[in-house]
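Following the numbering used here, the numbering of the sequence shown begins with 4 at its first residue and continues without gaps.
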Amino acid sequence: MKTAAIELQHQLGTSWWGKRQRNLLAKVLAPLANAKIGSLTVTLPNKSQLSFGDQHDKRLAPSVILNNWKGLRKAFSGGSVGWSEAYMDGDWDCPNLAALVEWIVVNEEHFGDMLASGKTKQWLQRLQHRRNANNKRGSKRNIAYHYDLGNHFYRHWLDDSMTYSSALFDEGIDDLRSAQHRKYQRLIDELAVQSGDRVLEVGCGWGGFAEQLCQQQDVSLHGITLSKEQLSYARQRIADAGLSGRAKFSLTDYRDTRDQYDHIVSIEMLEAVGEQYWPTYFDTLYARLKPGGRAAIQVITIEEKRFEGYRDNPDFIQRYIFPGGMLPSPDIFRSHASKAGFDVKSELPFGLSYAKTLAHWATAFNARWEDIVPLGFDQRFKRMWQYYLGYCEGGFRAGSIDVYQFVLEKPHCAP
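Here it is, written out as structure tokens:
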């Protein structure tokens, strides 16, 4: 196999236009020649192919098809966000986005700053991210942006529990519904909920956890959300299950909660809080718990070594999927919990379960797309969500992101 530089020169010739494209390719793609794990095949717009990495290593072998040259220009000027926008615009395709992301992550130490945005682009991305700050008004707007796409949209591709968070798979458990039930059950068991307990669920989603808990225990559960769509669905769900006497739901910001509870559960809600408000989040949970009470928090985390770079460079997810969001690293989570007064009683990382969950979602999303179209969504929206699901799956597979269940306890001696 020819080296990337020689192959590019051969394919593009020496014309002025060829030189221009060759320079662009060299700047964007040449660093890929340093890959050590797996292989990548890139099909150029003229149908010729370039190969990177170890061609004999087929364990991880994604491929990219460049439909035109625009994608490389967007990647050069906009970094990883520009590359994702190029996919949304149809400038390139990939049969397995998750494998591509995993390949990039496991080889990225050899790529330098290949996908870093230019300074001007970085500044604009940071400015946009700051505009999405999660004060009370901003939180409502940001949550509505993602979760109020409509219950019918999510019903088409989530499992029948309407759970939009990682399942917990195990040997012998392959179906998503059972793995979601297992996730909820572990949270219930870790909290040691008993009949008569008062439970606060911060970010109740469509009511899946509430229904499972209330079916098992005679508790008083208060679920809060900022999504009107979720609120309507959760209320109807609990009423249909005959559990209205055990659960209530309200459109409430976590900062506006009152009273104290025996237990708190918060499933993948911290990611939407925003770094500026992490201390407020933990302090609020601490204040809402009775002494000796426990909080079970499921949260997506980012690898420790990546946090500073991620904090300074908003990514595709923050730009297009969860405005205002921010992932903590595991150590940062522990630090904030400790500063608020909590003791960390247990923690369980299960990132590969999230990768499997996302693969289930992607398969269902693609299979049901024709049913989703009449809801008013176009091809760019479809490609944005395909990229989102594959981007996250690849990150979990590579270990750049993870998901944890943390169990925190408020000391018995706390005032």
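Just so you know, even glycine gets a beta-carbon here, dropped at the ideal spot from N, CA and C.
Since I believe residue j is in contact with residue i (beta carbons under 8 Å), could you give me their beta-carbon distance rounded to a whole number of angstroms?
{"i": "residue 160", "j": "residue 298", "result": "Not a contact, Cβ separation roughly 30 Å."}
{"i": "residue 345", "j": "residue 413", "result": "6 Å"}
{"i": "residue 167", "j": "residue 226", "result": "Their Cβ separation, rounded to whole angstroms, is 14 Å, which puts residue 167 and residue 226 out of contact at 8 Å."}
{"i": "residue 185", "j": "residue 203", "result": "In fact, because the Cβ distance is near 23 Å, the residues do not count as touching under 8 Å."}
{"i": "residue 403", "j": "residue 335", "result": "Between residue 335 and residue 403 the Cβ distance is about 15 Å, and since that is not below 8 Å, they are no contact."}
{"i": "residue 358", "j": "residue 396", "result": "5 Å"}
{"i": "residue 236", "j": "residue 215", "result": "With a Cβ gap of about 15 Å, residue 236 and residue 215 do not count as contacting."}
{"i": "residue 35", "j": "residue 28", "result": "The Cβ separation is near 10 Å, so there is no contact."}
{"i": "residue 164", "j": "residue 183", "result": "5 Å"}
{"i": "residue 300", "j": "residue 411", "result": "7 Å"}
{"i": "residue 324", "j": "residue 156", "result": "Not confirmed; about 14 Å, so no contact."}
{"i": "residue 100", "j": "residue 394", "result": "7 Å"}
Kindly indicate the opening and closing residues of the beta strand (DSSP E) around residue i.
{"i": "residue 43", "result": "42–46"}
{"i": "residue 427", "result": "Limits of the chain in this structure are 4 at one end and 418 at the other, which puts residue 427 out of reach."}
{"i": "residue 239", "result": "Where residue 239 is concerned, there is no enclosing beta strand (DSSP E), although the alpha helix (DSSP H) it sits in stretches over 231–243."}
{"i": "residue 225", "result": "223–228"}
{"i": "residue 55", "result": "52–56"}
{"i": "residue 405", "result": "404–412"}
{"i": "residue 114", "result": "No beta strand (DSSP E) contains residue 114, which DSSP labels as neither H nor E."}
{"i": "residue 67", "result": "66–69"}
{"i": "residue 378", "result": "Segment: none, residue 378 is in no beta strand (DSSP E) and carries neither H nor E."}
{"i": "residue 445", "result": "The chain is shown only over 4 to 418; residue 445 falls outside these bounds and no answer can be derived."}
Checking 9 Å against the spacing of the C-beta atoms, do residue i and residue j come in under that value?
{"i": "residue 267", "j": "residue 249", "result": "no"}
{"i": "residue 400", "j": "residue 105", "result": "yes"}
{"i": "residue 313", "j": "residue 330", "result": "yes"}
{"i": "residue 201", "j": "residue 265", "result": "yes"}
{"i": "residue 233", "j": "residue 154", "result": "yes"}
{"i": "residue 1", "j": "residue 103", "result": "Any property of residue 1 remains undetermined from this structure, which presents the chain solely from 4 to 418."}
{"i": "residue 179", "j": "residue 360", "result": "yes"}
{"i": "residue 181", "j": "residue 356", "result": "no"}
{"i": "residue 417", "j": "residue 333", "result": "no"}
{"i": "residue 70", "j": "residue 48", "result": "yes"}
{"i": "residue 194", "j": "residue 217", "result": "no"}
{"i": "residue 1", "j": "residue 210", "result": "What the structure shows of the chain is the stretch from 4 to 418, and residue 1 is not part of that stretch, so it cannot be assessed."}
{"i": "residue 256", "j": "residue 229", "result": "yes"}
{"i": "residue 328", "j": "residue 398", "result": "no"}
{"i": "residue 175", "j": "residue 386", "result": "no"}
{"i": "residue 45", "j": "residue 54", "result": "yes"}
{"i": "residue 263", "j": "residue 296", "result": "yes"}
{"i": "residue 24", "j": "residue 95", "result": "no"}
{"i": "residue 60", "j": "residue 363", "result": "no"}
Let's see if you can read the secondary structure: which residues bound the alpha helix (DSSP H) around residue i?
{"i": "residue 396", "result": "382–401"}
{"i": "residue 211", "result": "211–219"}
{"i": "residue 264", "result": "From DSSP, residue 264 is part of no alpha helix (DSSP H) but of the beta strand (DSSP E) over 264–270."}
{"i": "residue 80", "result": "73–91"}
{"i": "residue 417", "result": "Premise fails: residue 417 is in no alpha helix (DSSP H) and is neither H nor E."}
{"i": "residue 107", "result": "100–110"}
{"i": "residue 375", "result": "372–375"}
{"i": "residue 313", "result": "310–315"}
{"i": "residue 157", "result": "154–158"}
Can you find a heavy atom of the ligand COA that lies under 8 Å from the Cβ of residue i?
{"i": "residue 374", "result": "Judged by which ligands are present, the structure shown has none, so any question about the ligand COA falls away."}
Point to revise | Whole alpha helix (DSSP H) elements within the segment 326–359, 4-residue minimum | key: 333–343
**Study point:** Touching by the beta-carbon criterion (3+ pairs, under 8 Å), the segment 36–46 and the segment 97–113
**Key:** yes
Point to revise | Three or more C-beta pairs below 8 Å linking the segment 267–285 and the segment 375–382 | key: no
Point to revise | Completely contained alpha helix (DSSP H) runs for the segment 161–204, where each covers 4 or more residues | key: 179–194
Exercise for review: Answer yes if the segment 342–360 comes into contact with the segment 390–410, meaning at least three C-beta pairs across the two stretches below 8 Å, and no otherwise.
Suggested key: Cβ pair count under 8 Å is three or more, so yes.
**Study point:** Stretch-stretch touch, CB-based, cutoff 8 Å, three pairs: the segment 333–342 with the segment 277–285
**Key:** Yes, the segment 333–342 touches the segment 277–285.
Review point. Is it true that the segment 85–93 meets the segment 387–396, where meeting means three or more beta-carbon pairs spaced less than 8 Å apart?
Key: Yes, the segment 85–93 is in contact with the segment 387–396.
Review point. For the 8 Å Cβ check, are there 3 or more pairs between the segment 241–256 and the segment 217–232?
Key: yes
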